[in-house]
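Enquirer:
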Amino acid sequence: MSAVTKIRGKVVVITGGARGIGLATATALKSLGAKVAIGDIDKKAVEESGSARDLDHYGVLDVTDPVSFTGFLDEVERTLGPIDVLINNAGIMPTGKFVDEPDQITHRILDINVYGVILGSKLALTRMLLRRSGHIINIASLAGESHIPGLATYNASKHAVLGFTDTLREEYRGSGVSFSSVLPTLTNTELGSGVTTPKIMRPAEPEEIAEAIVGLICAPKPKVRVTMVAGIIAQVVNALPEAVGDALARSLGSGRAFLDDVDVEKRKAYEERVRKD
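FYI, the numbering for the sequence shown is 76 to 352, going by our numbering.
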């Protein structure tokens with residue numbers, strides 16, 4: 076059965092859908108006949124992106140606000156029908172030394188990256204369980220299986236997403252609802268701007284992540300890592316004795332990629348946007 080056949084007509088909600096991985100995924104799914112709804116905290120960006128790609132529904136969504144999230148899902152179901160797939164994609168990645176991270180930024184990372192995923196999953200799952208059908212896809216990161224200097228709180232948030240998603244998969248086994256995690260490497264989006272890719276690895280393109288998500292919707296499985304090479308490297312490093320794995324990661328440049336090697340000017344616009352209230 077082709078991807079078009081499996082995806083056509085499915086109602087898919089994507090958080091953080093105005094740009095980057097979320098928008099690439101929305102574009103790919105729309106081209107395959109899905110009914111796509113994107114939500115984003117950035118009103119101007121989500122309206123421009125949704126209109127430009129003729130998406131079925133788009134609007135402001137604050138994933139940290141239960142009223143906003145509930146209202147968004149209610150409106151999608153009123154206009155498009157029952158939600159088949161929720162893709163919890165919204166997330167931020169401020170970089171820098173942990174002790175220099177303001178408490179407000181720590182809370183912001185955890186509110187969006189963790190609570191937003193938990194809240195969205197709960198709201199969608201409640202609806203899906205009644206129908207014994209649905210799929211929740213949470214965008215984690217290879218950082219969720221590793222520890223990268225300069226990303227302490229972000230790493231913690233993505234470890235949490237992986238543990239949360241795996242637990243739901245077991246807790247609701249046999250319910251008719253599938254749960255998947257997507258683990259991208261550093262990706263060519265604004266989130267990764269100004270960051271140097273570790274040696275022997277290349278950044279992923281958002282379209283590659285979108286392709287992986289399409290594959291998950293067609294054939295659900297617990298996890299997918301993108302790129303394949305980055306995923307293999309991460310798994311090898313984790314399988315080694317800790318001291319050896321850490322040394323290998325440092326030799327590839329992971330200790331500097333999000334600290335000393337960051338191009339501050341190239342990253343400035345992103346950091347300012349995600350750090351504002």
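Ideal placement from N, C-alpha and C gives every residue a C-beta, glycine not left out.
All figures in this text were calculated on a predicted structure; none of them were measured in a lab.
Tell me, please, whether the segment 122-130 touches the segment 250-260 by the rule of three or more beta-carbon pairs shorter than 8 Å.
Expert: No, because fewer than three Cβ pairs between the segment 122-130 and the segment 250-260 fall closer than 8 Å, the two stretches do not touch.
Enquirer: Taking the straight line between their C-alpha atoms, what separation do you get for L194 and P141?
Expert: Approximately 7 Å between the Cα atoms of the pair.
Enquirer: Taking only the alpha-carbon atoms, compute the straight-line gap between V151 and N230 and give it to the nearest angstrom.
Expert: Each residue's alpha carbon lies about 32 Å from the other.
Enquirer: On the DSSP bridge assignment, give the partners of A332 in chain order.
Expert: BP columns for A332 are empty, so no partner.
Enquirer: How is the alpha helix (DSSP H) around T100 delimited, first residue to last?
Expert: First-last of the alpha helix (DSSP H) with T100: 95-106.
Enquirer: Please list, in chain order, all residues of the same chain as I116 whose beta carbon is under 6 Å from its beta carbon, the five residues on each side excluded.
Expert: So the list reads D137, once near-sequence residues are dropped.
Enquirer: Ignore the nearest five residues each way along the sequence and tell me which others in F173's own chain have a CB closer than 8 Å to its CB.
Expert: Only A227, T228 meet the Cβ criterion.
Enquirer: Shortest alpha-carbon distance to T100 belongs to which of G146, S77, N164?
Expert: Here the closest residue by C-alpha is N164.
Enquirer: Do you know offhand how far R348's Cα is from E176's?
Expert: Computed Cα separation, rounded: 15 Å.
Enquirer: If you follow the alpha helix (DSSP H) that Y190 is in, where does it begin and where does it stop?
Expert: Taken as a continuous stretch (DSSP letters only), Y190 belongs to no alpha helix (DSSP H), as it is neither H nor E.
Enquirer: What separation, rounded to the nearest whole angstrom, lies between the Cα atoms of V311 and L204?
Expert: Near 37 Å, if we compare the C-alpha coordinates of L204 and V311.
Enquirer: DSSP three-state call for N313: helix, strand or coil?
Expert: Reduced to three states, the DSSP call for N313 is helix.
Enquirer: Note down, one range per segment and in chain order, each beta strand (DSSP E) of at least 3 residues found wholly within the segment 187-267.
Expert: For the segment 187-267, whole beta strand (DSSP E) runs of length 3 or above, ordered along the chain, are 209-214, 252-259.
Enquirer: Looking at the ligand HEM, does it come within less than 6 Å of I158, judged from the CB to the closest heavy atom?
Expert: Absence of the ligand HEM from the depicted structure is noted, as is the absence of any ligand whatsoever, leaving it without description.
Enquirer: Would G219 pass as a contact of L243 if the rule is Cβ separation under 7 Å?
Expert: No, these two residues do not count as a Cβ contact at 7 Å.
Enquirer: Would you kindly work out how many angstroms separate the C-alpha atoms of S143 and V301, rounded to a whole number?
Expert: So the alpha carbons of these two residues sit roughly 31 Å apart.
Enquirer: Go to D115, then tell me how far its beta strand (DSSP E) extends in each direction, as first and last residue.
Expert: D115 -> beta strand (DSSP E) spans 110-115.
Enquirer: I need the DSSP call for L323, collapsed to helix, strand or coil.
Expert: Correct three-state label for L323: helix.
Enquirer: My output table needs one value for I275: the three-state DSSP class, helix, strand or coil.
Expert: In this structure, I275 counts as coil in the three-state DSSP scheme.
Enquirer: Tell me whether A318 is buried or exposed, calling it buried when 16 or more other Cβ atoms sit within 10 Å of its Cβ.
Expert: Classification of A318: exposed, given that the 10 Å Cβ count is below 16.
Enquirer: Apply the 10 Å Cβ neighbour rule to M303 and answer buried if 16 or more other Cβ atoms are within range, or exposed otherwise.
Expert: Counting Cβ neighbours within 10 Å, M303 comes out exposed, since fewer than 16 surround it.
Enquirer: Spatial neighbours of F147 within its chain, please: CB distance less than 7 Å, with the 5 preceding and 5 following residues excluded, ordered by chain position.
Expert: Answer for F147: G114, G134, L136, listed in chain order.
Enquirer: Among residues of its own chain, excluding the 5 on either side of Y60, which ones have a beta-carbon nearer than 7 Å to its beta-carbon?
Expert: Outside the shown range of the chain (76 to 352) lies residue 60, about which nothing can therefore be said.
Enquirer: When the Cα of D131 is compared with those of T145, R153, I308, which residue comes out closest?
Expert: When only C-alpha atoms are compared, the closest one is R153.
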